[in-house]
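So the structure is just underneath, and the comments pick up after that.
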Amino acid sequence: MTLLDFTILAAKVVLVMSVLLSTVPILVWVERRGSAFIQDRLGPNLVGPFGLLQPLADVVKFLFKEDPIPIAAHRFLFPLAPLCSLVPAAVTFAAIPFGDTIDLWGKTITLQIADINVGLLYIVAFGSLGIYGILLAGWSSNNKYSILGALRSSAQMISYEVALGASLIGPLMVYGTFSLREMVHLQASHWGILLQPVAFITFFISAFAECNRLPFDLPEGEAELVAGFHTEYGSMKFALFFMAEYLHMITISALTVTLFFGGWQLIPGLVPLAQWIGVATYPTSIGLSLLQVFSFTLKIGFFLWLFIWIRWTFPRFRYDQLMSFGWKILIPVALGNIFLTTLAIYLKWI
Amino acid sequence: MIPINHLAVFMMLGFALILGLGLLGLSALLGRVKPDPRKLSTYECGVPPSGSPRNRYSIKFYLIAIFFLIFDIEIAFLFPWALIVKSQIPLGPMVIGEMFLFIALLLVGYFYIWKKGALDWNS
Numbered sequence: 032m033t034l035l036d037f038t039i040l041a042a043k044v045v046l047v048m049s050v051l052l053s054t055v056p057i058l059v060w061v062e063r064r065g066s067a068f069i070q071d072r073l074g075p076n077l078v079g080p081f082g083l084l085q086p087l088a089d090v091v092k093f094l095f096k097e098d099p100i101p102i103a104a105h106r107f108l109f110p111l112a113p114l115c116s117l118v119p120a121a122v123t124f125a126a127i128p129f130g131d132t133i134d135l136w137g138k139t140i141t142l143q144i145a146d147i148n149v150g151l152l153y154i155v156a157f158g159s160l161g162i163y164g165i166l167l168a169g170w171s172s173n174n175k176y177s178i179l180g181a182l183r184s185s186a187q188m189i190s191y192e193v194a195l196g197a198s199l200i201g202p203l204m205v206y207g208t209f210s211l212r213e214m215v216h217l218q219a220s221h222w223g224i225l226l227q228p229v230a231f232i233t234f235f236i237s238a239f240a241e242c243n244r245l246p247f248d249l250p251e252g253e254a255e256l257v258a259g260f261h262t263e264y265g266s267m268k269f270a271l272f273f274m275a276e277y278l279h280m281i282t283i284s285a286l287t288v289t290l291f292f293g294g295w296q297l298i299p300g301l302v303p304l305a306q307w308i309g310v311a312t313y314p315t316s317i318g319l320s321l322l323q324v325f326s327f328t329l330k331i332g333f334f335l336w337l338f339i340w341i342r343w344t345f346p347r348f349r350y351d352q353l354m355s356f357g358w359k360i361l362i363p364v365a366l367g368n369i370f371l372t373t374l375a376i377y378l379k380w381i
Numbered sequence: 037m038i039p040i041n042h043l044a045v046f047m048m049l050g051f052a053l054i055l056g057l058g059l060l061g062l063s064a065l066l067g068r069v070k071p072d073p074r075k076l077s078t079y080e081c082g083v084p085p086s087g088s089p090r091n092r093y094s095i096k097f098y099l100i101a102i103f104f105l106i107f108d109i110e111i112a113f114l115f116p117w118a119l120i121v122k123s124q125i126p127l128g129p130m131v132i133g134e135m136f137l138f139i140a141l142l143l144v145g146y147f148y149i150w151k152k153g154a155l156d157w158n159s
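Those protein sequence lines, which keep their order, are chains A and B. If you want the numbering used here, it's the 1-based position in the first sequence plus 31. If you want the numbering used here, it's the 1-based position in the second sequence plus 36.
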């Protein structure tokens, strides 16, 4: 490995992390304004044009707030919990390919931080590490609401983890590889959802539960548990939990796009449009690489909006409904999908 | 020599750690400190907290954790099989039969816990 390789890698890490972290405040803004429009309110509209600077004001506020640790809380584990939530959420994105390759300074650069040959396993493993943060937060707060929220959360996340894993088997059988980059290449002619529609539905539902988003936000359940596992948290510690949730959403959307919607494969109709504007789109041109990244971003943006849309449209599950839905409907459907996929492969349909 | 892909993951980890620690440190530096016994007491809707929160909890959570272990190990075994099944099918249907037998064994247990009512949260 030369110094140039190392520099490119460092630049990629810094660039991707900066984009990820600056997406979080934008998402927060979209969520607040979007929910306001859904509920026929105005939403934050005073700080900057259309309230665009509201997240920035929030960051300043978070930084200057007092950051107390309750007397009953564990002195060491209480501040550690938000870190345990944030770090896995931020690291998971590393295996996602956000473009094919780009030729710069005579070098071919892969548009992916780490092209791991077991990329899917890496994402599943790191994605489920976030539960330790929630569990630690709930236990170390020494608060009844927190521990109830954490217990609910862990039971919910491990239940839907089974469904999530089972719904990944179908796409794996079709693609025959763990590498996300190869999966995207295999979707050049048709997107994965055409071959695995059932897997997409079960995957997306369990992904919602993994992100603790409404209608699966029982760990917080503010009507019954105050704020669930982060009741005792304030200031920047609370903000870290918040960031972790949004980063998790971004990664899950990216994984959905990569598995089922062609990843960075161009959105149909984009090439004629680019040529009409005058962007060169011959293979290995910079224009084509940028179009790929643009397609990928657009697809992720759609799913992020879907997350927000669903959150402000559906009511929350009851806990027994949540558990019976996960165990009695999602898991059988996901297992049934494995049977169907096997049959289809055996009969050479796919 | 560490492979470049692994190095990338470690760099990501380092970046995330520095970011988290930095933000926490910054807010600890900038935030005002004015402790108050009532502010630092455990929040319980304004009344003094009664009893310990680390109490006994429902056995259902424990049961779910046990089921998770069994089912997730099953899924973990399915992963490598799913990788090779497409390329192995020309060698004969045995690769499918063996795995379906494995899943069928799990399904027996699955219907057993369902019938026993272990998946119901109302009972």
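Where a beta carbon is used, it is the ideal one built from N, C-alpha and C, also for glycine.
Asked: Given L378 of chain A as reference, the closest of B:L49, B:A154, B:F147, B:G128 once Cα atoms are compared; Found: B:G128
Asked: Cβ neighbours of W340 of chain A in the same chain (closer than 8 Å, five flanking residues each side left out); Found: G65, I69
Asked: Environment of S86 of chain B [buried if 16+ CB atoms lie within 10 Å]; Found: exposed
Asked: Local conformation of K151 of chain B per DSSP, three classes; Found: helix
Asked: Near-chain B residues of the stretch 61 to 90 of chain A (beta-carbon distance less than 7 Å), N- to C-terminal order; Found: none
Asked: DSSP-derived helix/strand/coil call for D98 of chain A; Found: coil
Asked: Short CB-CB distance (under 9 Å) between P84 of chain B and chain A; Found: no
Asked: From A:F334, A:L108, A:G137, residue whose alpha carbon lies closest to that of I236 of chain A; Found: A:F334
Asked: CB contact below 9 Å: I102 of chain A versus chain B; Found: yes
Asked: Integer Cβ distance of I127 of chain A from L366 of chain A, believed to fall under 8 Å; Found: Incorrect: roughly 27 Å between the Cβ atoms, too far for contact.
Asked: Residue burial classification, Y277 of chain A (beta-carbon count within 10 angstroms, cutoff 16); Found: buried
Asked: Three-state secondary structure assigned by DSSP to K75 of chain B; Found: coil
Asked: Contacts that W136 of chain A makes with chain B (C-beta to C-beta distance below 7 Å); Found: None at all; the shortest Cβ gap to chain B is about 17 Å.
Asked: 8 Å contact criterion, which Q143 of chain A and F129 of chain A should meet: CB distance rounded; Found: 7 Å
Asked: I149 of chain B versus A305 of chain A: straight-line alpha-carbon distance, rounded; Found: 57 Å
Asked: Beta-carbon neighbours of L366 of chain A, restricted to chain B and to distances below 8 Å; Found: I139, L143
Asked: E225 of chain A to G293 of chain A span [Cα, whole Å]; Found: A small correction: the amino acid at residue 225 of chain A is Leu; Glu does not occupy that position in the sequence shown. Using only the alpha carbons, I get a separation of about 11 Å.
Asked: L84 of chain A - DSSP class collapsed to helix/strand/coil; Found: coil
Asked: Near-chain B residues of the stretch 339 to 358 of chain A (beta-carbon distance less than 7 Å), N- to C-terminal order; Found: Y350, D351, M354, S355, W358
Asked: Minimum length 3: unbroken beta strand (DSSP E) runs contained in the stretch 186 to 271 of chain A; Found: none
Asked: Where the alpha helix (DSSP H) containing Y344 of chain A begins and where it ends; Found: Correcting the residue type first, residue 344 of chain A is Thr in the shown sequence and not Tyr. No alpha helix (DSSP H) holds T344 of chain A; DSSP gives it neither H nor E.
Asked: Below-9 Å beta-carbon distance, I154 of chain A vs any chain B residue; Found: no
Asked: Residues in the stretch 37 to 68 of chain B having any Cβ partner in chain A nearer than 8 Å; Found: M37, I40, N41, H42, L43, A44, V45, M47, M48, L49, F51, A52, L53, L55, G56, L57, L59, L60, L62, S63, A64, L66, G67, R68
Asked: Residue from B:F147, B:A118, B:Y98 whose Cα sits closest to the Cα of F134 of chain B; Found: Note that residue 134 of chain B corresponds to Glu in the displayed sequence, not to Phe. It is B:A118.
Asked: Host alpha helix (DSSP H) of I38 of chain B (start-end); Found: First-last for I38 of chain B: undefined, no H or E at that position.
Asked: Strand pairing of T132 of chain A, partner residues [DSSP]; Found: A:T141
Asked: Interface flag, E213 of chain A vs chain B, CB-CB below 9 Å; Found: no
Asked: Contact belief for L271 of chain A with G56 of chain B at Cβ below 8 Å, rounded distance in angstroms; Found: 6 Å
Asked: Cβ separation of A372 of chain A and V205 of chain A, assumed to be a contact under 8 Å, to the nearest whole Å; Found: First, the amino acid is wrong: residue 372 of chain A is Thr here, not Ala. That belief holds up - the Cβ atoms of T372 of chain A and V205 of chain A are roughly 7 Å apart, short of 8 Å.
Asked: Cβ shell of M280 of chain A (< 8 Å), same chain only, five flanking positions each side left out; Found: L58, C242, R244, L335, F338
Asked: Within-9 Å CB hit, Y146 of chain B to chain A; Found: yes
Asked: R212 of chain A burial status per 10 Å Cβ neighbour count (16 or more: buried); Found: buried
Asked: Extent of the continuous alpha helix (DSSP H) run through S53 of chain A; Found: 34 to 69
Asked: Interface residues of chain B facing G207 of chain A [CB-CB closer than 9 Å]; Found: A118, L119, I120, V121, K122, S123
Asked: Spatially closest choice to I376 of chain A from A:L160, A:G201, A:T141, by CA coordinates; Found: A:G201
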